[in-house]
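Just below is one structure, and these are the notes that go with it.
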Amino acid sequence: MLHPGTSSTPAVRPTGRTTTAGTLCLLLGPALAVVLVLFAGGLVLGMLQAGGYVPGRGLSSLTVEHVGNVLLDSELLRSFGLTFYISATSTLIACLVSVLLAMALVRLAGRSRTIYFLLQLPLTVPHLVIAISVLLLLSPSGLIARLGVTVGLIDGASSFPLLVNDPLGIGILAVYVWKEIPFITFMLLAVLKNMGTELLEAGATLKATRRQRFFHITLPIIAPALGASGLIVFAFTFGAFEVPYLLGRTHPLLLPVWAYRNYSDIDLLSRPEGIAIGLLITVIIIVSIVLSHLLLGFARKRGITV
Amino acid sequence: MGRLELRELTIRYGAKTVISELNLQLQDGEILSLLGPSGAGKSTVLKAVAGLLPPFSGSIAINGQPADHLPAERRDTVLIFQKPLLFPFLNVGQNIAFGLRMTGHRGAAARQRIERMIAITGLQGLELRRVHQLSGGQQQRVALARGLVLEPSILLLDEPFSSLDAELREQMRELIRTIQQQTKTTMLFVTHDQSEAFGVSDRVALLLDGRLRQTGPPEQVFYRPADVDVARFFGCNNVLPGSIRDGYFHGARVRVPTERADCNEAVAMIRPEDVRLYPAVPGSDRPTGRISGIRFQGAMSRLTVTTEDGPVSVLSIRPHWHLGELVGLEFPADRLHVFPAGQEK
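Note that the protein sequences, when read in sequence, are chains A and B.
Counting in the working numbering, the first sequence runs from 20 upward without gaps.
Counting in the working numbering, the second sequence runs from -10 upward without gaps.
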């Protein structure tokens, strides 16, 4: 920074390209328009419908009755609890496995890009494909059950433990954990690679044991990335519909499935309630994403490269 | 107490030998600089002493006890790296307290040690600062305090000031000397900077190509080089060819007494600042040459004099010579270092 009166040199011209506000708006316009129309527009439309305003179907007055119905529904708490359990559990398991995996792979990743390529592969497979695979593998008439019968481990399909459409949501958890581990590991590997081994070496000469180095150096360094990616995964699984629809039980329903059922009910009066549930999910997702961004910002402020 | 003994230490990276049969001793309370050009293996030695790199063979003893089998966290050494390597998620005070926390030192005694180190390193008032808010010099001082607070027997310093500017480096050298006087910590200091090594240490050990070539007080290694390579490393770059006969080195118009054994091929080396220039006198038996280059280098100027036997480099304060001028040269006998020519690489 130049202090007034301390220099007679001409004003320093900013380097690089400068963009005026107008140009910036024009450049961002197309992308912003899509976001505004599709997301913000959808959100407003959803809020109107949740308020009971569906003129095409004879509902033209705004009311909080539908939102109230949802909030006061005794099923809401059970449904919310199950959705939270599925999202939180799958996120926690994925985080834990990802930390171990990233720690194990970091040296290899430093030497070869193949690890990143291998991690990218599962990211490209749609959730639906994995869900169907899990169904084919883990259902009582699935591949593993049949294999069990063939080798004599179980008597028949009825002896096979219920792993899909089960009360604990094991099938859903399996899909989410399988899908999210590569994503979180990918994020962690980038941080660990950036961190290098020098901080750990410094820790070792400062008398930190291997365990202490993990808990007092590695973990604080990866914590922001782990938290942020965990929150993103949590937000996604909280709002995802197709996996619980395929692999979940019919009662209690996960919030996204419940929202869909209401929305597609032949009783048109159920539609505002479906939308209201959708809005509730949206709020939770937005909060998660905001928290994720705050966490990353906090880490960058502390000099941790994420 | 802090004594270090390295015996026949050999370190390899795969098939490549980086350090070869290194023998070195550090006495209690001593600062020894391990000096050498980049790639000589200096940092490798420090890492081996710190327990971060297993040696291929040889032994490391700290205070008379073998330390080869001990992992880094159980060795009585602390390594200060080239980069400060502070923990970005901790503030200054927490960084300094890190080692004490790891070793279970808490309470008033630990606080007292931290406060003392903060005072010695001049970090008062910065305890609550985040590390990225500190300047480079401050960060390196935190790194020093963080290591010293553990009161190690041996403090290992791996070019800790190389990323700082010249003025700050000078301040840090002073700080190291002050800290050493106050704490009596034995220090093994690695650097490629001769002036830094001379300014900081009691003794200097010169490492060239993975081998220890000379150890001694700074003046000794600088003015009495053990061989041609050491002489060259310290800037003694004028080489006069000749031979040794009957206790004398005989070169082109140079005759110097020497204790070295007779040999047909020998060299006499002299530092550029030790060569004297005179106006050329016709008929004189002094070697003569013509000034072929003058390069201003600040306090000194480097002159190149082209003689019959090749170019001679001369360092001179405020030279009054001109390009192309014919000059006479004098190589004072007490400034010439004579070596058998076979030593020259």
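C-beta: ideal position from N, C-alpha, C; glycine also.
All of these numbers come straight from a predicted model, not from anything done at the bench.
Below-9 Å beta-carbon distance, residue i vs any chain B residue
i: Leu225/A; result: yes
i: Arg321/A; result: yes
i: His235/A; result: yes
i: Ala121/A; result: no
i: Ala247/A; result: no
i: Gln231/A; result: yes
i: Ala244/A; result: no
i: Ile1/A; result: Examination of residue 1/A is not possible in this model, given that chain A is present from 20 through 325 alone.
i: Leu310/A; result: no
i: Met20/A; result: In this prediction, Met20/A scores a pLDDT of 35, lower than 50, which makes its location untrustworthy; no coordinate-derived value is stated.
Own chain, CB closer than 8 Å to residue i, minus 5 neighbours either side, in chain order
i: Tyr279/A; result: Phe260, Tyr264 and Gly293
i: Gln113/B; result: Ile107
i: Ser26/A; result: Confidence is the limiting factor: at Ser26/A the pLDDT is only 39, short of 50, which leaves the residue's position unreliable and the question unanswerable from this model.
i: Leu162/A; result: Leu155 and Leu156
Cutoff 6 Å; reference residue i; Cβ partners in own chain excluding five residues on either side
i: Ile200/A; result: Ala113, Val116 and Ser117
i: Gly47/B; result: Arg(-4), Glu(-3), Leu(-2) and Thr(-1)
i: Glu254/B; result: Ala330
i: Pro291/A; result: Gln68, Ala69, Gly71 and His85
i: Ala269/B; result: Thr277, Leu315, Val316 and Gly317
i: Ala186/B; result: Ser22, Leu24, Thr180 and Val193
i: Glu116/B; result: Val81 and Gly82
i: Ala56/B; result: Ile49 and Arg64
i: Ser9/B; result: Thr(-1), Gly199 and Arg200
i: Ala164/A; result: Ala176 and Phe179
i: Arg324/B; result: Ile259 and Asp263
i: Arg268/A; result: Asn184
Below-9 Å beta-carbon distance, residue i vs any chain A residue
i: Phe211/B; result: no
i: Glu333/B; result: Confidence at Glu333/B is low in this model, with a pLDDT of 49, below 50, so the placement of that residue should be treated as unreliable; the coordinate-derived value is given next. It does not; no Cβ of chain A falls within 9 Å.
i: Val179/B; result: no
i: Glu62/B; result: yes
i: Leu41/B; result: yes
i: Thr66/B; result: yes
i: Leu139/B; result: yes
i: Arg130/B; result: no
i: Pro77/B; result: yes
i: His121/B; result: yes
i: Arg135/B; result: yes
i: Lys173/B; result: no
i: Ala31/B; result: Residue 31/B is actually Lys in this sequence, not Ala. No, because no Cβ of chain A sits closer than 9 Å to the Cβ of Lys31/B.
i: Leu146/B; result: no
i: Phe238/B; result: no
i: Leu74/B; result: yes
Other residues of its chain near residue i: CB distance less than 7 Å, five sequence neighbours each side excluded
i: Leu95/A; result: Val89
i: Ile303/A; result: Phe257
i: Leu272/A; result: Ser98 and Arg280
i: Ala45/B; result: First, the residue type needs correcting, since residue 45/B is Phe and not Ala in the sequence shown. So the qualifying residues of the chain are Thr(-1), Ile0 and Arg1.
i: Ala223/A; result: Arg232
i: Ile296/A; result: Val89, Leu274, Trp277, Ala278 and Asn281
i: Leu75/B; result: Asn84, Val120, Gln128, Val131 and Ala132
Proximity below 9 Å, CB of residue i to CB of residue j
i: Ile109/B; j: Gln171/B; result: yes
i: Phe223/B; j: Phe238/B; result: no
i: Ala132/B; j: Phe78/B; result: no
i: Glu319/B; j: Val264/B; result: yes
i: Leu164/B; j: Arg118/B; result: no
i: Leu145/B; j: Leu177/B; result: yes
i: Gly188/A; j: Leu299/A; result: no
i: Leu292/B; j: Leu304/B; result: yes
i: Glu140/B; j: Arg102/B; result: yes
i: Thr42/A; j: Val252/A; result: no
i: Arg230/A; j: Leu219/A; result: no
i: Arg234/B; j: Asp274/B; result: no
i: Val38/B; j: Ile143/B; result: yes
i: Arg326/A; j: His121/B; result: As displayed, chain A neither begins before 20 nor continues past 325, which places residue 326/A out of reach and without an answer.
Nearest-angstrom beta carbon gap, residue j and residue i [assumed within contact, 8 Å]
i: Ala254/A; j: Ile308/A; result: 6 Å
i: Val196/A; j: Val262/A; result: So it is not a contact: roughly 11 Å between Cβ atoms.
i: Thr108/A; j: Leu46/A; result: The Cβ separation is near 43 Å, so there is no contact.
Residue i at chain C interface by Cβ criterion, 9 Å
i: Lys36/B; result: Protein chains A and B are contained in the structure displayed, whereas chain C is not.
Any C-beta of chain A within less than 7 Å: which residues of the segment 81 to 114 of chain B qualify? Within the segment 81 to 114 of chain B, the qualifying residues are Phe87, Gly88, Met91 and Thr92.
Which residues of the segment 200 to 223 of chain A have a Cβ closer than 7 Å to any Cβ of chain B? Give them in chain order. Flagged, chain order: Glu217, Leu218, Glu220, Ala221 and Ala223.
Members of the segment 131 to 145 of chain A that neighbour chain B once the beta carbon cut-off is set at 9 Å: Listed by position along the chain: nothing, the set is empty.
Any C-beta of chain B within less than 9 Å: which residues of the segment 37 to 65 of chain A qualify? Listed in sequence order: no entries.
Which residues, in order along the segment 105 to 120 of chain A, keep a beta-carbon less than 8 Å from a beta-carbon of chain B? Per Cβ criterion, the list is empty.
Chain A contacts from the segment -10 to 9 of chain B (Cβ-Cβ distance under 9 Å): Within the segment -10 to 9 of chain B, no residue has a Cβ that lies closer than 9 Å to any Cβ of chain A.
Contact residues within the segment 281 to 295 of chain B, judged by C-beta distance below 8 Å to chain A: Under the 8 Å Cβ criterion, the segment 281 to 295 of chain B contributes no residue.
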